[in-house]
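One structure is given below, encoded as structure tokens.
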Amino acid sequence: MPKATKALNIAELRKLARRRLPRGIFDYIDRGAEDETGLAGLRQVFDAISFNPKVLADVSARSLETMLLGHRQPMPLAIAPTAAAGLVSPEGEVALARAAAAAGIPFCIATGSITAMERIVAESTGPLWFQLYMWRDKALSYALIDRAARAGIGTLVLTVDTVAPPNREYNARNGFEIPIRASLRGGLDMVLHPRWVWRVLLRAMLREGIPTYRHYPDGFRARITRKATWEQVRLNDAITWQDLDELRRRWSGRLILKGVLRADDALRAAQARVDAIVVSSHGARNLDAAVAPAQVLPAIAQALAGRIEIIADSGIRRGSDIVKLLALGADAVLIGRAALYGTAAGGEAGASHALDLLRREMDATLAFLGCQHLSELDRGFVNLPLWHPPAPHSDRQHP
Ligand SMILES: Cc1cc2nc3c(=O)[nH]c(=O)nc-3n(C[C@H](O)[C@H](O)[C@H](O)COP(=O)(O)O)c2cc1C
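Going from the sequence shown to this note's numbering is simple: count from 1 and add 869.
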């Protein structure tokens, strides 16, 4: 099988990931929600944005260096929180954290991590963030952030765009569930991927038993107590701005609000003294018809006028996508699937390769635009079309 580090772009890493992972797991990381129009829409929006490059500008000393939340880093990226990353390669979260550390960028540990945060902290030398989903039993969520603080994590990311279970029908069809459970379909899927069973599943089982969400209460692990525990850790659909205020009081470190898509919410977040927002449609995995971040970034950036930092994500597959979001007002971006494909294809080296591909593409884009530094990017470099309904995707035009 070709090596992950030979892949020429993120799309090639995705192909390798598809071959290596059982179908249930690949679909879980790769796909969107409902009819998946949002996923295609993210790509169409990026593709519809064009650049206005400057010429004859000396770009020989260019740099992607940037400041994010008070830290200088070599490029304007962080690895997004992705639940169950530990299922795509052995201790996938550790691989991602180490690749991020090597690139000098933050890695965000998810509430739904398969590896415990303490182990990731011990294995990584880079900056780590912790992403929180507010559970119905808020006391359990508060205990989790105390645990993150004790582990030495200084940045909390509260995700607020997932107040109901997303409708991802392929998971039901594939029988994908965590903790992984025995089923005929799942069993066949695994028989077809013995390398994954051996390298990821069996190794994880030998270490810690059936892979599961490590930050969930102990009762979640055992079948007899899972039902009662499930009620406590259901996504809290009563969460409000008062809860954000409460979290701000409890958490003395940096606080990021993830999942904002409106200028009024962005302003409200700034008033609530968060340090940054993530303008995100959750990679089109939740609300299928959510607007693409690139379409709302200019209005959000204008409303915030530099009061807090803006991070953006969803759908990034090329360095030029990143540069487009920066020109539209983002200070940095999160990478979700691109890093997961790399990890699935080649562990830590694959994740590092994904980051390197994006870095090289960003660097070339910056040069073509006639810029030495990211701070030179502004709206003048991009044309964002007046938005009309996207043309049908080419696959659908020519079935
Ligand atoms: C497999 C997977 C799991 C995810 N789990 C979480 C999560 O637990 N918490 C969260 O805030 N976002 C989660 N996300 C969303 C990412 O943080 C990020 O917003 C999104 O992946 C960005 O889009 P991209 O994957 O196209 O880069 C997940 C995304 C993926 C692909």
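All residues carry an ideal CB built from backbone N, CA and C; glycine is no exception. Remember, it's a predicted structure, so these values are computed and weren't measured experimentally.
Q: Entirely within the stretch 898-978 and at least 4 residues each: give me those alpha helix (DSSP H) ranges in chain order.
A: With a minimum length of 4 residues, the continuous alpha helix (DSSP H) runs that stay inside the stretch 898-978 are 906-917 and 961-972.
(Q) Would you say the beta carbon of K1127 is closer than 7 Å to some non-hydrogen atom of ligand 1? (A) yes
**Q.** Extent of the continuous alpha helix (DSSP H) to which V1192 belongs
**A.** G1188 to A1196
Q: Flag G955 as yes when its Cβ comes closer than 7 Å to any non-hydrogen atom of ligand 1, and as no otherwise.
A: Checking every heavy atom of ligand 1 against the Cβ of G955, none is found closer than 7 Å.
Q. With burial defined as no fewer than 16 other Cβ atoms inside 10 Å of the residue's Cβ, what is the status of R1154: buried or exposed?
A. Buried, by the Cβ-count rule.
Q) Does the stretch 872-886 touch the stretch 1215-1230, meaning 3 or more C-beta pairs lie closer than 8 Å? A) Contact holds between the stretch 1215-1230 and the stretch 872-886, because three or more Cβ pairs, one in each stretch, are under 8 Å apart.
Q. Which runs of the alpha helix (DSSP H) spanning at least 4 residues fall entirely within the stretch 990-1048, listed in chain order?
A. 1007-1019 and 1038-1043
Q: Can you give me the start and stop residues for the beta strand (DSSP E) that G1216 sits inside?
A: Not the beta strand (DSSP E): G1216 falls in the alpha helix (DSSP H), residues R1206 to L1238.
Q: Determine the direct distance from the alpha carbon of I1146 to that of G1021, and round the result to whole angstroms.
A: 22 Å
Q) Helix or strand or just coil, what does DSSP make of K1127? A) strand
Q: Could you spell out where the beta strand (DSSP E) holding A1181 opens and where it closes?
A: It spans E1178 to A1181 - the beta strand (DSSP E) in which A1181 sits, taken as one unbroken run.
Q) So, are the CB atoms of R1142 and R1117 less than 8 Å apart? A) yes
Q) In chain order, what residues of the same chain have a beta carbon less than 6 Å from the beta carbon of G1152, not counting five sequence neighbours either side? A) S1183 and G1205
**Q.** Spatially closest choice to E881 from T1212, G910 and A949, by CA coordinates
**A.** T1212
Q) Where does the unbroken beta strand (DSSP E) through I840 begin, and where does it stop? A) Residue coverage of the chain in this structure runs from 870 to 1268, which leaves residue 840 outside it and unanswerable.
Q. Apart from the five residues just before and just after F895, which ones in its own chain have a Cβ nearer than 6 Å to its Cβ?
A. Within the same chain, and ignoring the five residues on either side of F895 in sequence, the residues whose Cβ sits closer than 6 Å to its Cβ are R887.
Q. Can you tell me the Cα-Cα spacing of T1081 and L1057, whole angstroms?
A. Roughly 20 Å separates the two Cα atoms.
Q.
Does V1102 come out as helix, strand or coil in the three-state DSSP assignment?
A. coil
Q) With burial defined as no fewer than 16 other Cβ atoms inside 10 Å of the residue's Cβ, what is the status of G907: buried or exposed? A) buried
Q) Is DSSP giving A1201 helix, strand or coil here? A) strand
Q.
Going by C-alpha to C-alpha distance, which of R1019, A966 and Q1000 sits closest to I989?
A. Ranking R1019, A966 and Q1000 by Cα distance to I989 puts A966 first.
**Q.** Near ligand 1: Q1000 beta-carbon under 7 Å from a heavy atom
**A.** Of the heavy atoms belonging to ligand 1, at least one sits nearer than 7 Å to the Cβ of Q1000.
Q | Residues near Q1171 in its chain [Cβ-Cβ closer than 8 Å; skip 5 each side] | A | A1132 and G1198
(Q) Rounding to the nearest angstrom, what Cα-Cα distance links E1115 and I1177 in this structure? (A) 19 Å
Q: Using beta-carbon positions only, say whether F976 and S958 come within less than 8 Å of one another.
A: It is not a contact, given that the beta carbons lie outside the stated cut-off.
(Q) Taking contact to mean 3 or more Cβ pairs, one atom from each stretch, closer than 8 Å, check whether the stretch 998-1008 and the stretch 1102-1116 are in contact. (A) yes
Q | Beta-carbon proximity check, P1034 vs V1202, cutoff 8 Å | A | no
Q. When you compare only the Cα positions, how much space is there between D1247 and T1234?
A. 14 Å
Q | The alpha helix (DSSP H) enclosing V1165, as first and last residue numbers | A | P1162 to L1173
Q. Between the stretch 1037-1044 and the stretch 899-915, are three or more C-beta pairs nearer than 8 Å?
A. yes
Q. In angstroms, rounded to a whole number, what distance separates the CA positions of F999 and A1073?
A. 22 Å
Q | Straight-line gap, D904 to Q942 (C-alpha atoms, nearest Å) | A | Answer to the nearest angstrom: the Cα atoms are 38 Å apart.
Q: Say yes only if the C-beta of G1152 is nearer than 7 Å to one or more non-hydrogen atoms of ligand 3, and no if none qualify.
A: Ligand 3 is absent from the structure shown, which contains only ligand 1.
Q: Compare the Cα-Cα distances from D916 to each of G981, V924, R883 and K1193 and report the closest residue.
A: With distances taken between Cα atoms, D916 lies closest to K1193.
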